[in-house]
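In the working numbering, the protein residues as written are 18 to 168. We put the beta carbon where it would ideally sit given N, CA and C, even for glycine. For clarity, every value in this text was computed on a predicted model and none was experimentally measured. Below: one structure, written as structure tokens.
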Ligand code: HEM
């Protein structure tokens, strides 16, 4: 009989991780993502934020995305709570950086042939995270003046 730990570690059959194709598919997605980042002109600014050698980052993203998609929980035990906004704070991430990241991920999803329903769900989920990470966007309206001049 399986131990409770074994049961808890098994991804749900409808998890994004399983629907994508498991570990091999996540590795392919991440490889395609960084290939896109290495070659797309619109990704040059975000590529320059990364180390020249992407092998460590590639492994971390595989581990993070596997967990994020409902697969094996490997990232958190190794690196702690994701806190992605905090981890991205050292980088200036505006709307164009967010859009460049999304363009790389969309190209990667197309390249590995993610089925359309899953692609739409992942696209929306990636976008939410990418926009949450954005940290240098100018406010759409000027901040109203403080009313210290009023008695
Ligand atoms: C919005 C645009 C984004 C930019 C410009 C960006 C950029 C970066 C950079 C420069 C690093 C450091 C890599 C290194 O150490 O070599 C990083 C790490 C990371 N990014 Fe992003 N990123 C973005 C969005 C995202 C999104 C949407 C996700 C997840 C869905 C994500 C997940 C990660 C993870 C898991 C790490 C590693 C964190 C760790 O050190 O444990 N990033 N990112």
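Since residue i contacts residue j with CB under 8 Å, what's their CB separation in whole angstroms?
i: residue 125; j: residue 53; result: 6 Å
i: residue 63; j: residue 117; result: 5 Å
i: residue 153; j: residue 111; result: 5 Å
What do you reckon, is the C-beta of residue i under 7 Å from a heavy atom of ligand 1?
i: residue 50; result: no
i: residue 101; result: yes
i: residue 33; result: no
i: residue 74; result: yes
i: residue 147; result: yes
i: residue 150; result: yes
i: residue 66; result: yes
i: residue 78; result: yes
i: residue 105; result: yes
i: residue 114; result: yes
i: residue 96; result: yes
query: Does the region 29 to 43 come close enough to the region 73 to 90 that 3 or more CB-CB pairs lie under 8 Å?
result: The region 73 to 90 vs the region 29 to 43: in contact.
task: State whether the region 70 to 84 contacts the region 35 to 49, with contact taken as three or more CB pairs (one from each stretch) at a distance under 8 Å.
output: In short, these stretches touch, since the Cβ pair count reaches three.
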